[in-house]
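Protein chains in written order, with this note's numbering: chain W, 1379 to 1855; chain H, 218 to 699. Positions of the beta carbon are idealized from the N, C-alpha and C atoms, including for glycine. If you're wondering where the values come from, they're calculated on a predicted model, not measured in any experiment. Below is one structure; the comments refer to it alone.
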C-alpha cells in the first residue's frame, strides 16, 4: 500500500524582548540559575502580571509578514496544570482568541516550485521554567530564569507531506523570524523549538490517521530524522495490522528512535479561562499602521534587492544566512568604492574564514564594516596588493589602528608604487651582472633568485605578481 | 484619644497637642486588653514604637505628610515585607513576602504606622471569620457573636477602637458585611480604584481593597491616601482621583434614592425598620425615594458563586509546596508532594471552593456554568448601571440579619449562604458600596448599604456624612471598649 504522510508543525519562538512577557526580569540566556527571576516570575502571592507591549508589536510584525488576520481584540487565558517549573500553577497563554490567525508562508520545494503552507494561528504565551534533573542526587533543581520569557507559538494546519517539506518550512520560518527581529533563532539555546504532529493514511483517503506528537526537537537534522523514524514506525504498525496510539513521544538522537512520553488519554483538562489580571489587547488602527510602517524588510525583498545588485543566487543565499550578514554586506557596500564582486568575495572568503576561526558571527564582527570598506578601497585604488590587504586584514583583528595608519606605520604604501619598485629592480639587476647575463642566456630558473632579492629589499611588501612582470620586463631589456 | 475621629487625631498630631508615641502607646494598651477579640494575627509593637518616634521627629520638623504618626492595621492578605502575611492559612503561616502591597506602601508613604496584621477568614473565604487558621474573631458588641467576614479582624479592631482605621478586602461583601455586623463604616470602592498589587488574590475580577473606619469623614481621608493608578496592576484605573474630603460637606440636594422592594424580603423586621428610619432622615433632607425593580436579583448569588470559585481555583494553584509556603514532611514523589501539601495546608472552606471552581471550569461544564455565569454577570452589571443612571444611589440593608452567633453558622445553612445576597452584585458590577451603622437589633448593630455608580465614592461618602451629621449611630462604642 502507498501511504501519505500528514504533518502539522508547532513552533515555539522566543521573542527578542529584553524583558519578560509580564515582568521586568531580563530574558538573557545562560545566567546563573534563578538570577533572572523576580517575584512575579516566581508566582509569589499577591504579584500581578503587567504586559510587555514589545511582545505584542513583535507578534503583529510576524502576523503582517505572513499576511494573516491581526485580531484587533485578543486576550490572555490561563492554562491550568501543576508542574514544579510552572510557578503559578497556570501558564498565561492565548487559546480562544489568538493575536494572529490564518496566515501563510510560501516555501520552495525541491523541484523549484513553491508550496503555500497555511499558518492556522500564532499566539502569545509565557515560557515555563526548567527542571534540572542531573545536578543533584536526591532532588530536582528548578531554574525559573526562563519562566515568563515571551513565546510566539506558530501552528500550521496539517498541510505538510514530508520531512523535506517540513524542514523547508522550518528554515523559511526561521529565516523570516530572524529577519523580522522577532526571534534570534538560536536553536541550541531553545529560542526556536519545534513540535511535530504526524500521521499517515492510505493514499487518496481523506480521513486523517491517528497522530503522534514529537516534542522539543532542537535541530533541523533531528527533526528530519525523527520524522523519518516516526513515519516508518506508523507504517510498520499499520501494515502489521496494529493501531497507532495517540500519544506524545520524545526523539532520542542517541538511538535515533522515538519513545512515548505520556498518553493523551491522561492529558490534563487545562480549564482555560480569560485571565482576570490582564486587560484584553485592543489595538487602534494607528498602532497597527505604525507597526506596518516600521516593519524591517522581508527576506524575499532583500533577496530581490541583492539579485538586482548583480549578486549570484549562491552569493545571495550566503548573505541571507542571517540579518547580520546582509547588514554587514550593505554597510561595506555603502562605504566602499570597491566593486560588489570584490566585496562579496572578501566576505565569503577571507572574512568568513576569519569568523570561522574565531568562532564568531557577523553579529560580533572582529573587523568593522567601516574598516573593511577602507581596506577594500585601498585595494581598489591599487595602494596595496591583495597579498598586503590580507596581511593588513590579519593585523586589523588585533590592532586598534586604522587601515591607513597600518599602511603608514608598516611602510606598505610606497611599495606598490610602480616607479619605486622598478627602481629597486633596476638596482638589483645592476648589482648582479653575472646572474643577469646567465638569465639572459636562458637560465630562467634565476628569476626566483631575483624575486627573492627584491622581496628581501622590499621587506616582502611588494606584490609578487607585479614583481614577476616587472622583473621579466627589465631582464629582457 | 480613641474617641477622637481620624480627622481629630490628625489635627492633634499636626498641632502637637498629641504625640504619635503617646497615641501608639495608648492603642497598644487597648490592643493588649482586647486580646480576647483575637482581632490580630501579628503585632509589631517594637517597630510601631520606633516609627512613632520617627513620626514625632518629623512632626516637630514640620511638613510631615498628612497621616504622619497615625496608627492603623492591615488585613493579613496584604503583603508586608516587615511582617508575615498569612492569609490566616496554615499554607502561609510562616510566609513573609519580599515586597509590600501598593496599599501598604501608600499608607506608609502618607506617614501611617502599621501596628500589625488583622485576622480574617482563610484566604478571605467566609462570612464569619471562623475559617481562620488562627481562630475565630469575636464581635466587640457581643463576644458570643462573630464580627462578620472575611475581614473580621479589621472590623472588630476598628469597632473596639483598637486602631482608628484599618484596611480590608471585599470580594463579595467582605468589607461591608463585617462593617455592618460590627457597627462601623466599611467602604468597597469601584473596581480598579485601589491597586490590587500585593493583595493576595481570592477572585481577581471581584477582589477590591476596602477600608474600615468610624465615620464617612474618616473613610474619605483614608481613601484619599490610598486610591489611584498603579502601573503594577493592569486592572487599576488610570485616572485622577477627585478630592473626596472637599466634597463631603456639599449639599446633598437634589437626591434620588432608589429602593427595591427586593431589598426587604427575607430581611429581619428590625433591620427593615432601621433602614426605613434612615431613609426618613434623607427624605427630611429633601431626598426623593424612588421604587426600583431589580429583576435579576435571584441570579446574584449563583452567578457570584460560579465566578468567584472558578477564579479562586486557579489563583490558589500556586500553593504547591514547592517555592514557598507549607510543604508536607512526608512525600514519596512529586504528585504526593503537591497533593499532600495542599491537603494539609488548606482548610475545609478553601478546599470546598477550589473543588467547586475546578468543576465549573472543567471542559465538561465550562459552557453551562462558567460561560453562562459570565453572560449573567454582564446582564446583572448592565441592570445595575442602568438603574443607577436613573437614581443617585441604591439604598438597602447590608445584610438580611445581624451578626451570627459563634459556631452557629454552617457553610451549608441557608442563613449563611444568604448573608452575602445584597453585597455580591456590587462586586459583580465593579461598583462602589458603602455600609454604615443605622441602629441595633437586640444590641447587635445594623448596617445600611449605599450603592453608587462607578467612581461615585465621593457622592456615597457625602450622603453618609450628611446622615452622620443628623445621627450618632457611628459614634457609639461597644460598652466594654469605651
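Alpha carbon to alpha carbon, how far is residue i from residue j?
i: residue 1753 (chain W); j: residue 1743 (chain W); result: 15 angstroms
i: residue 286 (chain H); j: residue 226 (chain H); result: 9 angstroms
i: residue 1460 (chain W); j: residue 1634 (chain W); result: 31 angstroms
i: residue 1412 (chain W); j: residue 1403 (chain W); result: 11 angstroms
i: residue 565 (chain H); j: residue 579 (chain H); result: 21 angstroms
i: residue 1684 (chain W); j: residue 1653 (chain W); result: 46 angstroms
i: residue 551 (chain H); j: residue 1628 (chain W); result: 21 angstroms
i: residue 1846 (chain W); j: residue 1800 (chain W); result: 11 angstroms
i: residue 361 (chain H); j: residue 623 (chain H); result: 6 angstroms
i: residue 1850 (chain W); j: residue 1489 (chain W); result: 53 angstroms
i: residue 537 (chain H); j: residue 510 (chain H); result: 46 angstroms
i: residue 236 (chain H); j: residue 638 (chain H); result: 44 angstroms
i: residue 404 (chain H); j: residue 304 (chain H); result: 20 angstroms
i: residue 1840 (chain W); j: residue 1542 (chain W); result: 52 angstroms
i: residue 1767 (chain W); j: residue 1724 (chain W); result: 11 angstroms
i: residue 386 (chain H); j: residue 309 (chain H); result: 18 angstroms
i: residue 1540 (chain W); j: residue 1381 (chain W); result: 11 angstroms
Taking its Cβ as the centre, do 16 or more other Cβ atoms sit within 10 Å of residue i, making it buried, or is it exposed?
i: residue 1649 (chain W); result: buried
i: residue 1820 (chain W); result: exposed
i: residue 1691 (chain W); result: exposed
i: residue 493 (chain H); result: exposed
i: residue 555 (chain H); result: buried
i: residue 319 (chain H); result: buried
i: residue 292 (chain H); result: buried
i: residue 1391 (chain W); result: buried
i: residue 1735 (chain W); result: exposed
i: residue 700 (chain H); result: Here chain H covers residues 218 to 699 and nothing more, so residue 700 (chain H) does not appear.
i: residue 394 (chain H); result: buried
i: residue 460 (chain H); result: exposed
For the alpha helix (DSSP H) that residue i lies in, which residues bound it at each end?
i: residue 1441 (chain W); result: 1431–1443
i: residue 350 (chain H); result: Here residue 350 (chain H) belongs to no alpha helix (DSSP H), and DSSP marks it neither H nor E.
i: residue 519 (chain H); result: 514–532
i: residue 1733 (chain W); result: 1730–1736
i: residue 369 (chain H); result: 369–376
i: residue 596 (chain H); result: 589–605
Please check the pair residue i and residue j, which I expect to be a contact at CB under 8 angstroms, by giving their CB distance rounded to whole angstroms.
i: residue 523 (chain H); j: residue 586 (chain H); result: 5 angstroms
i: residue 284 (chain H); j: residue 327 (chain H); result: 4 angstroms
i: residue 388 (chain H); j: residue 428 (chain H); result: 15 angstroms between Cβ atoms; not a contact.
i: residue 1587 (chain W); j: residue 1579 (chain W); result: 4 angstroms
i: residue 173 (chain H); j: residue 649 (chain H); result: Since the first residue shown for chain H is 218 and the last is 699, residue 173 (chain H) is missing from the structure and cannot be characterised.
i: residue 400 (chain H); j: residue 693 (chain H); result: 7 angstroms
i: residue 1495 (chain W); j: residue 1538 (chain W); result: 7 angstroms
i: residue 417 (chain H); j: residue 443 (chain H); result: Contact flag wrong, Cβ pair sits at about 17 angstroms.
i: residue 174 (chain H); j: residue 409 (chain H); result: Look at the range of chain H in this structure, 218 to 699, and you will see that residue 174 (chain H) is not part of it.
So the beta strand (DSSP E) residue i belongs to, where does it begin and stop?
i: residue 1530 (chain W); result: 1528–1534
i: residue 1598 (chain W); result: First-last for residue 1598 (chain W): 1598–1617, but that is the alpha helix (DSSP H), not the beta strand (DSSP E).
i: residue 1386 (chain W); result: 1381–1392
i: residue 290 (chain H); result: 288–292
i: residue 614 (chain H); result: 610–614
i: residue 322 (chain H); result: Segment 319–326 is the alpha helix (DSSP H) holding residue 322 (chain H); no beta strand (DSSP E) there.
i: residue 657 (chain H); result: 650–658
i: residue 662 (chain H); result: 661–668
i: residue 1468 (chain W); result: 1468–1471
i: residue 1787 (chain W); result: That residue, residue 1787 (chain W), is in no beta strand (DSSP E); its alpha helix (DSSP H) goes 1781–1788.
Taking 7 angstroms as the limit between beta carbons, can you name the residues of its chain near residue i, skipping five residues before and five after?
i: residue 432 (chain H); result: 222, 402, 685, 691
i: residue 481 (chain H); result: 489
For residue i, which residues of its own chain have a beta-carbon under 6 angstroms away from its beta-carbon, when the five flanking residues on both sides are left out?
i: residue 1575 (chain W); result: 1386, 1589, 1591
i: residue 1450 (chain W); result: 1661
i: residue 1594 (chain W); result: 1571
i: residue 268 (chain H); result: 330
i: residue 1484 (chain W); result: 1492, 1494
Note down, in chain order, each residue of its chain lying with its Cβ closer than 8 angstroms to the Cβ of residue i, except the 5 sequence neighbours on either side.
i: residue 682 (chain H); result: 432, 433, 434, 437, 465, 466
i: residue 1784 (chain W); result: 1770, 1773, 1774, 1777, 1790
i: residue 1651 (chain W); result: 1455, 1456
Shorter than 9 angstroms from the beta carbon of residue i to some beta carbon of chain C?
i: residue 520 (chain H); result: The structure shown has no chain C; the protein chains it does contain are W and H.
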